[in-house]
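Count along the sequence shown from 1, then add 660; that gives the number in my numbering.
A quick write-up on the structure given underneath.
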Amino acid sequence: MYKNLRLLYITTPNKEEAQKIGRALVEENLAACANIFDGMNSIYKWKGKIQEENECVLIVKTHYSRVKKVTRRVIEMHSYEVPAVVSFTITEDEGNQEYLEWLEDSSKQPFEL
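The following block contains the structure:
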């Protein structure tokens, strides 16, 4: 029933950027919900060097039909050269069904772009 829902994992350099992106996605009806986790520590290689940075995680919930539009919008707004935007399928019949129903209904709102 809820096989068309997606969760997007996005990292940002700070809480302010995560809030700006998350709010825009919800206001523009590209996402039903955005959650921000502040204070994550990331270790990664960038241009051949090990980097260690404090970042924020932005979790966005949306319909699969909006994933490409969400990804494009995040890239437009993001300060990183190559922002992390990864989509995961929300597995059917796993989780709170009432919440998944709300998420699906919220994800069907018309686009305002």
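Don't be surprised by glycine CBs; every beta carbon is placed ideally from N, CA and C.
If you're wondering where the values come from, they're calculated on a predicted model, not measured in any experiment.
With 16 other Cβ atoms within 10 Å as the buried cut-off, status of residue i
i, result
"residue 705", "exposed"
"residue 732", "exposed"
"residue 611", "A query on residue 611 cannot be resolved here, the shown segment of the chain reaching from 661 to 773 and no further."
Residues that residue i bridges to, as DSSP identifies them
i, result
"residue 671", "717"
"residue 666", "722 and 749"
First and last residue of the uninterrupted alpha helix (DSSP H) at residue i
i, result
"residue 766", "757 to 767"
Residue i in three-state terms, based on DSSP
i, result
"residue 742", "coil"
"residue 736", "helix"
Segments of 3+ residues assigned as beta strand (DSSP E) that fall wholly inside the segment 676 to 730: 693 to 706 and 709 to 723
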